[in-house]
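K.L.:
So the protein lines, in turn, are chains A and B. Residues 66 to 178, numbered by the numbering used here, are exactly what the first sequence covers, in order. Residues 884 to 995, numbered by the numbering used here, are exactly what the second sequence covers, in order. Ideal placement from N, C-alpha and C gives every residue a C-beta, glycine not left out. Note that the structure is a prediction, hence the values are computed from the model and not measured. The following block contains the structure, expressed as structure tokens.
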Amino acid sequence: GAGVSQSPSNKVTEKGKDVELRCDPISGHTALYWYRQRLGQGLEFLIYFQGNSAPDKSGLPSDRFSAERTGESVSTLTIQRTQQEDSAVYLCASSLPVSDTQYFGPGTRLTVL
Amino acid sequence: GENVEQHPSTLSVQEGDSAVIKCTYSDSASNYFPWYKQELGKRPQLIIDIRSNVGEKKDQRIAVTLNKTAKHFSLHITETQPEDSAVYFCAASKDSSYKLIFGSGTRLLVRP
Numbered sequence: 066g067a068g069v070s071q072s073p074s075n076k077v078t079e080k081g082k083d084v085e086l087r088c089d090p091i092s093g094h095t096a097l098y099w100y101r102q103r104l105g106q107g108l109e110f111l112i113y114f115q116g117n118s119a120p121d122k123s124g125l126p127s128d129r130f131s132a133e134r135t136g137e138s139v140s141t142l143t144i145q146r147t148q149q150e151d152s153a154v155y156l157c158a159s160s161l162p163v164s165d166t167q168y169f170g171p172g173t174r175l176t177v178l
Numbered sequence: 884g885e886n887v888e889q890h891p892s893t894l895s896v897q898e899g900d901s902a903v904i905k906c907t908y909s910d911s912a913s914n915y916f917p918w919y920k921q922e923l924g925k926r927p928q929l930i931i932d933i934r935s936n937v938g939e940k941k942d943q944r945i946a947v948t949l950n951k952t953a954k955h956f957s958l959h960i961t962e963t964q965p966e967d968s969a970v971y972f973c974a975a976s977k978d979s980s981y982k983l984i985f986g987s988g989t990r991l992l993v994r995p
């Protein structure tokens, strides 16, 4: 079946602009996660959605970052007033209810000039 | 919060040799430990995982061991092949949140 998809695959923006990144999880996966991966580094947890529960936002680095999820489907990660340090690959993952195993999307490479 | 440390950061082995990557975690409540392989420019792919009620798990040439008392777990790759060359990440999570806390990664190079 279809895996996790993300769009756009690449995004170049100017410092100070807002960006929106999209994630389409695997159908039936109620859990959705966003991670950030800076060049040559590991993945940092950002935010976690599980069904209709309140999201776990404990990993968001600043109030410029926010995310929404429509029901149990699409999620968007919004970064306002982008800074150069926001440049990274943003990865989305999804999993079945009450399951550990996360499946990752291909990521969005964000470059802030 | 949870912290995961991974060693070594780079590892170079001859084709056919074994490779071992080690991780330690800080939160004793963590109970799920996956390993992901990431090739250049690609998404992380789950290669093996282990839960805290098991001490060892094997899948063909790869195996993972877990020592809950010492809070460390290791990835073992035997008979390495050039296509094993990639960055490997360990991670830990617990039932209450499921969010993965990742190690910093190990770049494995298998020399033909």
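Are E133 (chain A) and T95 (chain A) touching if we call contact CB-CB under 7 Å?
P.N.:
no
K.L.:
Find the residues of chain A that neighbour L992 (chain B), judging by a C-beta separation of less than 8 Å, and give them in chain order.
P.N.:
The contacting residues do not exist; L992 (chain B) stays about 15 Å from chain A at best.
K.L.:
Under DSSP, the beta strand (DSSP E) around P917 (chain B) begins and ends at which residues?
P.N.:
Y915 to Q921
K.L.:
Would you say L175 (chain A) lies against chain B (beta-carbon separation less than 7 Å)?
P.N.:
no
K.L.:
Looking at the secondary structure, which residues open and close the beta strand (DSSP E) in which Y997 (chain B) lies?
P.N.:
This structure cannot settle anything about residue 997 (chain B), because the visible part of chain B is limited to 884 through 995.
K.L.:
Just mark G899 (chain B) as buried or exposed, buried being the case when its beta carbon has 16 or more other beta carbons within 10 Å.
P.N.:
exposed
K.L.:
In chain order, what residues of the same chain have a beta carbon less than 6 Å from the beta carbon of T143 (chain A), not counting five sequence neighbours either side?
P.N.:
Apart from the 5 residues on each side of it in sequence, T143 (chain A) sits with its Cβ closer than 6 Å to the Cβ of E85 and S131 in its chain, given in chain order.
K.L.:
By a C-beta neighbour count over all protein chains shown, 10 Å radius and 16 as the cutoff for buried, is D967 (chain B) buried or exposed?
P.N.:
buried
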